[in-house]
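S.K.: Residue numbers (our numbering): 73 to 338. Idealized CB from N, CA, C, for every residue including glycine. The structure presented is a predicted model; accordingly, all values stated were derived computationally and were not measured. This structure is in structure tokens; I'll ask about it shortly.
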Amino acid sequence: MFKTACQEQLLPGDTLQQKWEFAQEAGYDAIELRGKGDFHFRDRLPELRRAQADGVVMPTVCVDMLHFFGAFDPDLRRDAVAQMKSQLSVIAELGGRGAQTPASYGMFSRRLPPFEPPRSEEEDREVLLTGLTELGEHARAEGVTLFLEPLNRYEDHMVNRLEQAADLIRAVGLDSVRIGIDSYHMNIEETDPAAAILAVAPLIGHAQVSDSNRFQPGAGHLDWPAWLGALDAAGYDGYLAAECRLTGDPADAVRSVPAFLHRAAG
Numbered sequence: 073m074f075k076t077a078c079q080e081q082l083l084p085g086d087t088l089q090q091k092w093e094f095a096q097e098a099g100y101d102a103i104e105l106r107g108k109g110d111f112h113f114r115d116r117l118p119e120l121r122r123a124q125a126d127g128v129v130m131p132t133v134c135v136d137m138l139h140f141f142g143a144f145d146p147d148l149r150r151d152a153v154a155q156m157k158s159q160l161s162v163i164a165e166l167g168g169r170g171a172q173t174p175a176s177y178g179m180f181s182r183r184l185p186p187f188e189p190p191r192s193e194e195e196d197r198e199v200l201l202t203g204l205t206e207l208g209e210h211a212r213a214e215g216v217t218l219f220l221e222p223l224n225r226y227e228d229h230m231v232n233r234l235e236q237a238a239d240l241i242r243a244v245g246l247d248s249v250r251i252g253i254d255s256y257h258m259n260i261e262e263t264d265p266a267a268a269i270l271a272v273a274p275l276i277g278h279a280q281v282s283d284s285n286r287f288q289p290g291a292g293h294l295d296w297p298a299w300l301g302a303l304d305a306a307g308y309d310g311y312l313a314a315e316c317r318l319t320g321d322p323a324d325a326v327r328s329v330p331a332f333l334h335r336a337a338g
């Protein structure tokens with residue numbers, strides 16, 4: 073049976089403790105945190121420690137920043153790496169599993185003019201390997217994992233498919249760097265999402281879920297039995313973290329996810 077988590081911004085309540093009460097009643101096993109830039113996540117440590125003392129389960133954090141370690145600008149890259157190191161340290165202090173980040177978001181797309189990015193594929197790869205190595209070494213020192221999330225082609229021009237993330241992770245060679253899969257992006261990029269999961273099974277460290285239309289699982293046309301069946305066959309033992317928009321009544325939509333996923337998993 074899969075464990076489910078819900079990102080904190082989707083849960084009703086003013087405090088993590090209130091959100092956790094709702095999450096437990098809805099059938100979730102954990103809350104996934106969001107890590108904003110400007111060291112905002114580090115500054116939340118007193119709040120997070122209080123929540124942890126009150127029993128709130130917070131195994132992962134998903135980055136919520138404007139730039140990432142694959143940025144074109146070197147100053148933005150350095151800032152993104154520093155922010156991610158801080159988030160890895162905070163989630164480690166909470167006894168969590170790790171932090172999820174894409175290589176970039178909204179920085180460039182080869183699907184729209186001018187089509188040619190200001191950096192070659194070879195330069196992209198060098199930047200990504202440098203960033204992943206530095207972050208992976210920090211994660212290893214902290215005892216947590218960095219989860220690299222492939223995004224769809226309209227949001228990132230560098231890492232779109234699981235096989236691309238796997239290639240980078242193998243080149244880095246650190247167990248502290250793994251793939252953070254997302255069902256929505258896979259629905260766009262993978263010819264056969266279930267086969268893609270099985271092809272990189274040992275490298276999958278985290279999973280985020282939303283349906284084909286980015287709404288909550290069950291609101292679109294994604295083949296959930298196949299997707300979840302592949303993840304089960306891959307031996308995945310982490311959380312399924314809801315990262316989605318909501319359609320219908322927000323509270324009802326959030327409440328529906330754990331039961332839907334458990335039914336789809338058989």
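1) Should the region 268-279 be called in touch with the region 324-331, which here means at least 3 C-beta pairs below 8 Å?
2) Assign residue 256 to one of three DSSP states: helix, strand, or coil.
3) Given a cut-off of 8 Å, decide if residue 260 and residue 303 are closer than it, judged by their beta-carbon atoms.
4) Roughly how many whole angstroms lie between the Cα atoms of residue 74 and residue 309?
5) Return yes when the Cβ of residue 216 is within less than 8 Å of the Cβ of residue 170, no when it is not.
6) Here's a check: name, in chain order, each residue in its chain whose Cβ is nearer than 8 Å to the Cβ of residue 224, leaving out the five neighbours to either side.
7) In the DSSP output, which residue or residues are listed as bridge partners for residue 278?
8) Out of 296, 119 and 198, point me to the one whose CA is closest to residue 239's CA.
9) Could you tell me which whole alpha helix (DSSP H) segments of length 4 or greater appear in the region 144-188?
10) Rounded to whole angstroms, how far is the Cβ of residue 77 from the Cβ of residue 132, which I believe are closer than 8 Å?
11) Which runs of the alpha helix (DSSP H), 4 residues or longer, sit entirely within the region 288-338?
12) Check the C-beta distance from residue 91 over to residue 99 and give it rounded, since I have them as a contact under 8 Å.
13) Would residue 282 and residue 316 qualify as a contact pair, given that the criterion is a beta-carbon distance under 8 Å?
M.R.: Taking the structure as given:
1) no
2) Reduced to three states, the DSSP call for residue 256 is helix.
3) no
4) 7 Å
5) Taking a C-beta distance under 8 Å as the contact criterion, residue 170 and residue 216 qualify as a contact pair.
6) 232, 256, 257, 260 and 261
7) 252
8) 198
9) 146-165
10) 7 Å
11) 296-305 and 322-336
12) Contact doesn't hold; Cβ gap of about 14 Å is too wide.
13) yes
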